[in-house]
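Following this note's numbering, the numbering of the sequence shown begins with 123 at its first residue and continues without gaps.
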Amino acid sequence: MTRLLETINRPSDIRPLTPAQLAALAQEIREELVKTIAALGGHLASSLGAVELCLALHDVFDAPEDQLVWDMGYQAFAHKLITGRRERFQTLKQLDGLSGFNNKDESPYDLFTTGHGGTVLSTALGLAMARDQVQAKRHVVAIIGDASLGEGMALEALNHIGHAKPNLLVILNDNRMSIAKPVGGLSRYLNRIITNPVYNRLRLDLEQLVKRLPHGSRLIRLGRKVEESLKGLLVPGLVFEELGFRYVGPIDGHNLSELITTLQNVKRLAGPILLHVSTVKGKGYRFAEEDPERFHKVEPFDVATGQLKDQSSRLKAQGSRQKRLPSAFSLQPSATFTEAFSEQLIRLGTTNSRLIAITAAMPEGTGVSEFAKRFPDRCLDVGMAEQHALGVAAGLARGGARPVFAVYSTFLQRAFDQIMHEVCLQELPVVLAIDRAGLVGEDGPTHHGVFDLAYLRVLPNLAILSPKDPAELQAMLRWSLEQERPVAIRYSRGGIVCGEPIGKLTKPIVVGKSETLRTGNDLALLALGSMVYPALAVAEALAREGVEAAVVNARFVKPIDEAMVRDAAKVGCLVTLEEAQVAGGFGSAVSEALDRLGAPAISHLRIGLPDAFVEHGKRSELLKRCRLDPKSLTSRIRRWYDNLPRSTEPLPPRELRAFADARE
Ligand SMILES: Cc1ncc(C[n+]2csc(CCOP(=O)(O)OP(=O)(O)O)c2C)c(N)n1
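The following block contains the structure:
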């Protein structure tokens, strides 16, 4: 039998459906979501909770003429399925496939490409204002989650919308969950509204009724006065009302007829409306409902049991949830950077009672959740509030604590000004543990952490480091806590990308000092972080072809090891390698150092990421596509080396060209 879903090619196809058919469609969509994510991995629980909301919105509003804008978009997979992307849904988050978020290039139903939380209220306000400029009639609807509503940008937008008072419908999709449990006064407030038996959901119905009575509008005015005086007692959503919104709700986000009727009603109202919809994260798939945090974003799993398919990811997931770390830590060679960070944070926290870990709603992803279990009083989850996290860190540091803010590179972008103003300008010893620096894989361009070097390098007082492997990250973290200045350590997703970890430090971490891993007379490869092991692989491959390349693990981007750069310059040609935007990154730092050193114009190849947004796909696939895998690197470097203009001048004596780490 053909599934209903197969007949839905555009949102208007759902409008003729009966309530029973719509309910059946919701069920089919859930099955499709579970089946697809079980096979591919990805975000699941939030989309399961928003199926009815998607259907009701597309039933009542006429997109794309009416503009429905979702915050981020990983919770709107039902929207993808009914807006002409069903047949490509199996390619979700795969290289060249559908994006896992909203994507402006993918569909006219997606107005923005998004993946960072809390942006939608501002962009929707802009859309509403643009509409009013040309006196168009379309509706603008913004859909935002309860945790994202606490983002600074969302709160700023709420403030502005209440003041500008455009016709704008804000849907608060409240599942009482962030990725993990939400934090903060706002979420407590929303929770109280939902669980409070005395709420005035009746108000809207009452108004409709009163309107039908003679002198109805006078009665409404009278009602408003009564309401004003009772507000504190009876009116839920008072905060929103005071901000200038008309608050409606909370309503059941899984009751299609209630959703549709309410949306039809609020569609007729003028001004900013906040419709509070209560949903269940993971709705309809038992395992996701029971453990919405695990199913927020999940590796491929077995639908029948909810268990992860891959044994090692299963153990890892269990490990990060249940494992009590042994008292004597031993870093596995295959450990990820996040695991190494997590272990070391606990180890250092055990002896240093001033250490305070901070996360902005990402305790699991950044590896601070174990620390939080051990030292609940010394771990702060500030919610989705990266800017605020830096402000709190600054206060803590000024007060004598040693804060470590563990954050994904991409989300740290939000807090650029706070790093400058609250931390660097004050010369405060705040540690930024920057995870997911470089290409992150399937989450794509919104999430790649490739700009951090360019924006951090310009900040005075900040030391910037990048470890070649998890063991070195541990040494760097220890070192960073001994410094009386701000320190940023950036490390990539997963573990090392090729080769075997060296496992032990060849030299201790010393400010502004690199580590030479291989000597060579023909070429110097200066590599940063995740590019160090690939550089070693390249050097081996080149050696087989008779080209001897030195390999340096830069360790520091700032202060850069100028003595090392001088030595590398003596070799005559050098290559810098980084998993970051070339513009403004490590290679730029080396070029600037060469300038400062007055080094003769030497040949310098800068390898890194292009001046473009890199698409989504597996990290290994993207590294290949960006020609950062060892094989591509070898042929790029070899070709460049072979085509270098050879000087007619006699070469300097071999001893001078030799790259030797004679300094230490
Ligand atoms: C600026 C920013 N910080 C952190 C994240 C990581 N993140 C993705 S989803 C999420 C939780 C969002 O919760 P909520 O808005 O309530 O939506 P739900 O998934 O519960 O529907 C977080 C913290 C992000 N995407 N953007």
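Built from N, CA and C at the ideal position, the CB exists for glycine as well.
- Sixteen is the threshold: when 16 or more other Cβ atoms of the shown chains lie within 10 Å of the Cβ of T241, as they do, the residue is buried.
- With a threshold of 16 other beta carbon atoms within 10 Å, F199 meets it and is buried.
- Judged by DSSP secondary structure, V674 falls outside any alpha helix (DSSP H) and instead within the beta strand (DSSP E) spanning 671-675.
- Counting C-beta atoms within 10 angstroms of its own C-beta, R390 has fewer than 16 neighbours from the protein chains shown and is therefore classed as exposed.
- Put simply, the stretch 498-514 does not touch the stretch 583-590. Fewer than three CB pairs are less than 8 Å apart.
- Look at E549 here: in three-state DSSP terms it is coil, with no helix or strand label.
- Under the DSSP definition of a beta bridge, H165 partners with K419.
- In the DSSP assignment, L391 falls outside any alpha helix (DSSP H), carrying neither H nor E.
- Counting the other CB atoms within 10 Å of its CB gives K405 a total of 16 or more, which places it among the buried residues.
- In this structure, the beta-carbon distance from G571 to H738 does not fall below 7 Å.
- Here DSSP, grouped into helix, strand and coil, assigns C501 to strand.
- Assignment of beta strand (DSSP E) within the stretch 558-632, counting only whole runs of 3 or more residues, yields 585-587, 609-612 in chain order.
- Each residue's CA atom was taken as its position, placing A555 and V526 some 7 Å apart.
- With a cutoff of 6 Å, I301 counts as near ligand 1, since its C-beta is closer than that to a heavy atom of the ligand.
- Restricted to the stretch 204-266, the alpha helix (DSSP H) segments that are unbroken, complete and at least 4 residues in length are 242-255, listed in chain order.
- Partner residues in the beta bridge of T698, as assigned by DSSP, are L648, R728.
- A direct Cα-to-Cα measurement between A264 and R314 gives close to 23 Å.
- Distance from the CA of A585 to the CA of E461, rounded to the nearest whole angstrom, comes to 23 Å.
- Residue environment for M686: buried (at least 16 other C-beta atoms within 10 angstroms of its C-beta).
- Between the C-alpha atoms of V545 and G521 there is a straight-line separation of about 13 Å.
- DSSP, reduced to helix, strand and coil, places I682 outside both helices and strands of the structure shown, so it counts as coil.
- Distances from the CB of N297 to the heavy atoms of ligand 1 include at least one below 6 Å.
- If you check the C-beta of S168 against ligand 1, you find a heavy atom less than 6 Å away.
- For ligand 1, a non-hydrogen atom lies closer than 6 Å to the CB of D268.
- A479 and L467 do touch by the CB rule: their CB atoms are close to 6 Å apart, below 8 Å.
- L144 places its beta carbon less than 7 Å from that of L378.
- Listed in chain order, the non-local C-beta contacts of F678 below 6 Å within the same chain comprise L587, G634, local neighbours out to five positions each way being set aside.
- Each of V490, A523, C501, D539 was checked against the Cα of L512, and the nearest Cα belongs to D539.
- In this structure, G239 has its beta carbon less than 6 Å from a heavy atom of ligand 1.
- Collapsing the DSSP output to three states places I283 in a helix.
- Taking every protein chain shown into account, the CB of K226 has fewer than 16 other CB atoms within 10 angstroms, so this residue is exposed.
- In the pairwise beta carbon analysis, the stretch 402-420 is classified as touching the stretch 290-308: at least three pairs are separated by under 8 Å.
- Following the DSSP letters along the chain, one finds Q189 inside the beta strand (DSSP E) bounded by residues 189-192.
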